[in-house]
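Novice: Counting the sequence shown from 1 gives a position; my numbering is that position plus 628.
Have a look at this one.
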Amino acid sequence: MSSSHPSLSIANPAQAAGASATVPSPTFSPLYQQIKALITKSLQSGEWRPGELIPSEVELANRFKVSQGTVRKAIDELSAENLVVRRQGKGTFVATHHEARAQFRFLRLKPDVGDAHYPENTVTEARRLRAPADIARQLDIKTGDSVFFIKRIQSFDGAPTILEELWLPGLIFKGLSLERVLQYKGPMYALLETEFGIQMIRAVESIRAVVADQSAAELLAVPLNTPLLSVNRVSFTYGDKAVEVRRSLYVTNNHHYQNELS
């Protein structure tokens with residue numbers, strides 16, 4: 629094993645017993661969890677880029693000096709968390725937002741009839757501004773820090789269905805501009821991954837029922853006070869760092885919000 633690769637260190641119980649009572653006891657985690665953490669660290673550092681094949685289970689077992697079964701269990705969890713994707717007969721790949729499965733993972737609005745498909749985007753506003761206090765709190769930045777703001781309408785089969793406001797930390801997304809947003813025709817997360825190396829790996833959403841005010845009614849082409857689904861999402865990248873706040877209003881006349889619980 630190359631000396632450049634991280635190795636596992638197991639705390640010495642005898643040393644722990646002789647430590648001062650004021651020092652917290654060491655926390656032990658299963659070996660596969662330690663391997664999972666090491667693989668995640670390699671993903672975060674960019675050793676394996678989105679869409680790339682990672683080493684085989686045998687190669688990783690040799691690298692970390694553990695059994696293949698231990699590596700398999702670690703990759704099982706990474707796969708369940710959508711950080712890697714297993715492909716039969718091909719190996720395990722780093723997950724990417726360019727795959728359809730990743731796009732629909734974060735888009736939970738499904739048609740009542742027919743198959744899900746990605747909406748058409750119309751950007752109505754994109755600019756840099758100062759973070760309001762509530763946005764700054766969710767992004768863990770200071771009030772007044774630079775953020776990149778995007779407002780857009782997403783339509784299914786020509787019908788406006790989602791009104792969204794996106795707030796991105798300006799320091800992380802320095803090169804983002806209205807021109808670049810308008811030029812890119814794919815999903816926003818794929819753009820952020822390609823241009824800035826930022827992957828959204830999890831999100832927390834708060835959902836409530838609201839009614840359309842005058843502005844939302846006009847943009848979504850619905851009557852004033854139409855019932856809408858309001859979704860506030862905070863998306864995180866590696867290290868549990870918040871990198872997006874997204875506020876969406878959904879028209880649910882022909883769509884529903886679907887989430888799978890396990």
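Ideal placement from N, C-alpha and C gives every residue a C-beta, glycine not left out.
Tell me whether LEU799 is buried or exposed, calling it buried when 16 or more other Cβ atoms sit within 10 Å of its Cβ.
Specialist: Taking the first residue of the sequence shown as 1, we reach residue 799 at position 171. By the 10 Å Cβ count, LEU799 comes out exposed.
Novice: From ILE781 to VAL694, what does the alpha carbon distance come to, in whole angstroms?
Specialist: Walking along the sequence shown from the start, residue 781 turns up at place 153. Walking along the sequence shown from the start, residue 694 turns up at place 66. Going by the C-alpha atoms only, they are around 50 angstroms apart.
Novice: From what residue to what residue does the beta strand (DSSP E) around ASN887 run?
Specialist: Here residue 887 refers to the residue found at position 259 when the sequence shown is read from its first residue. Taken as a continuous stretch (DSSP letters only), ASN887 belongs to no beta strand (DSSP E), as it is neither H nor E.
Novice: Of the choices GLY772, ARG758, ALA665, PRO851, whose alpha-carbon is the least far from that of ASN881?
Specialist: The count along the sequence shown starts at 1 and reaches residue 881 at position 253. The residue with the shortest Cα to Cα distance from ASN881 is PRO851.
Novice: For TYR660, which three-state DSSP category applies?
Specialist: Translated into the one-based positions of the sequence shown, residue 660 becomes position 32. Here TYR660 sits in helix by DSSP.
Novice: Could you tell me whether the Cβ atoms of TRP795 and ILE829 are closer together than 9 angstroms?
Specialist: Start at 1 with the first residue of the sequence shown, and residue 795 comes out as number 167. Start at 1 with the first residue of the sequence shown, and residue 829 comes out as number 201. Going by C-beta atoms, TRP795 is not nearer than 9 angstroms to ILE829.
Novice: For the beta strand (DSSP E) containing GLN782, list its first residue and its last residue.
Specialist: The sequence position of residue 782 within the sequence shown is 154, counting from 1. Taken as a continuous stretch (DSSP letters only), the beta strand (DSSP E) holding GLN782 covers 774-784.
Novice: How would you write the range of the alpha helix (DSSP H) that ASN860 sits in, first residue to last?
Specialist: By one-based count along the sequence shown, residue 860 stands at place 232. Segment 855-865 is the beta strand (DSSP E) holding ASN860; no alpha helix (DSSP H) there.
Novice: What do you get for SER863, buried or exposed, if any count of 16 or more other CB atoms within 10 angstroms of its CB means buried?
Specialist: In the sequence shown, residue 863 corresponds to position 235, counting from 1. Result: buried.
Novice: What number of angstroms, rounded off, separates the C-alpha of GLU807 from the C-alpha of TRP676?
Specialist: As a first step, residue 807 must be located in the sequence shown, where it is residue number 179. As a first step, residue 676 must be located in the sequence shown, where it is residue number 48. Roughly 30 angstroms separates the two Cα atoms.
Novice: Does the Cβ of PHE801 have 16 or more other Cβ atoms within 10 Å, making it buried, or fewer, making it exposed?
Specialist: Against the sequence shown, residue 801 aligns to sequence position 173. Result: buried.
Novice: Run through DSSP, which three-state label would TYR817 get?
Specialist: If you number the sequence shown from 1, residue 817 lands on position 189. TYR817: helix per DSSP, three-state reduction.
Novice: Taking a contact to mean a Cβ-Cβ separation below 9 angstroms, would you say TYR817 touches HIS883 in this structure?
Specialist: The residue you call residue 817 lines up with position 189 of the sequence shown. The residue you call residue 883 lines up with position 255 of the sequence shown. For TYR817 and HIS883, no; Cβs fall outside 9 angstroms.
Novice: Please report the distance separating the alpha-carbon of ALA787 from that of TYR660.
Specialist: Along the sequence shown, one-based indexing puts residue 787 at 159. Along the sequence shown, one-based indexing puts residue 660 at 32. Straight-line Cα distance between these residues: approximately 48 angstroms.
Novice: Using the three-state DSSP reduction, which class does ALA649 fall into: helix, strand or coil?
Specialist: By one-based count along the sequence shown, residue 649 stands at place 21. Residue confidence for ALA649 is low, a pLDDT of 46 falling below 50, so the modelled location carries little weight; the figure read from the coordinates is stated next. Coil at ALA649, not helix or strand.
Novice: Would you list, in sequence order, the uninterrupted alpha helix (DSSP H) runs of no fewer than 4 residues that lie entirely inside the region 714-751?
Specialist: Counting only runs of 4 or more, we get 728-734.
Novice: Rounded to whole angstroms, what is the Cα-Cα separation between TYR885 and LYS813?
Specialist: On the sequence shown, residue 885 is found 257 positions in, with the first residue counted as 1. On the sequence shown, residue 813 is found 185 positions in, with the first residue counted as 1. C-alpha separation (whole angstroms): 24 angstroms.
Novice: Answer with buried or exposed for LYS770, where buried requires no fewer than 16 other C-beta atoms within 10 angstroms of its C-beta.
Specialist: Numbered from 1 along the sequence shown, position 142 holds the residue referred to as residue 770. LYS770 should be labelled exposed.
Novice: For PRO739, I'd like the list of residues in its chain whose CB is within less than 6 angstroms of its CB, leaving aside the five on either flank, ordered along the chain.
Specialist: By one-based count along the sequence shown, residue 739 stands at place 111. Within the same chain, PRO739 has close Cβ partners HIS883.
Novice: Look at the alpha carbon of LYS701 and the alpha carbon of GLN811, and state the distance between them as a whole number of angstroms.
Specialist: Start at 1 with the first residue of the sequence shown, and residue 701 comes out as number 73. Start at 1 with the first residue of the sequence shown, and residue 811 comes out as number 183. Going by the C-alpha atoms only, they are around 41 angstroms apart.
Novice: Looking at the secondary structure, which residues open and close the alpha helix (DSSP H) in which LEU810 lies?
Specialist: Within the sequence shown, residue 810 is the residue found at index 182, counting from 1. 806-811 is the extent of the alpha helix (DSSP H) around LEU810.
Novice: Going by beta-carbon coordinates alone, are ALA723 and VAL809 separated by less than 9 angstroms?
Specialist: As a position in the sequence shown, residue 723 is number 95, starting the count at 1. As a position in the sequence shown, residue 809 is number 181, starting the count at 1. No, Cβ-Cβ distance for ALA723 and VAL809 is not below 9 angstroms.
Novice: Could you pull out every residue in the same chain whose Cβ sits closer than 7 angstroms to the Cβ of GLU821, ignoring the five residues on either side in sequence?
Specialist: Reading the sequence shown from its first residue, position 193 is the one you call residue 821. Excluding residues within five positions, the ones whose Cβ falls inside 7 angstroms are PRO678, THR724, HIS725, GLN827.
Novice: Please report the straight-line C-alpha distance between ALA649 and PHE656, rounded to a whole angstrom.
Specialist: Sequence index remark: in the sequence shown, residue 649 carries index 21 (1-based). Sequence index remark: in the sequence shown, residue 656 carries index 28 (1-based). Confidence at ALA649 is low in this model, with a pLDDT of 46, below 50, so the placement of that residue should be treated as unreliable; the coordinate-derived value is given next. Computed Cα separation, rounded: 18 angstroms.
Novice: Here's a check: name, in chain order, each residue in its chain whose Cβ is nearer than 7 angstroms to the Cβ of PHE757, leaving out the five neighbours to either side.
Specialist: As a first step, residue 757 must be located in the sequence shown, where it is residue number 129. For the sequence presented, residue 757 should be read as Leu rather than Phe. So the list reads VAL775, PHE777, once near-sequence residues are dropped.
Novice: Could you tell me the distance, in whole angstroms, from the CA atom of LEU737 to the CA atom of ALA870?
Specialist: Counting from one through the sequence shown, the residue named residue 737 turns up at place 109. Counting from one through the sequence shown, the residue named residue 870 turns up at place 242. So the two alpha carbons sit approximately 23 angstroms from each other.
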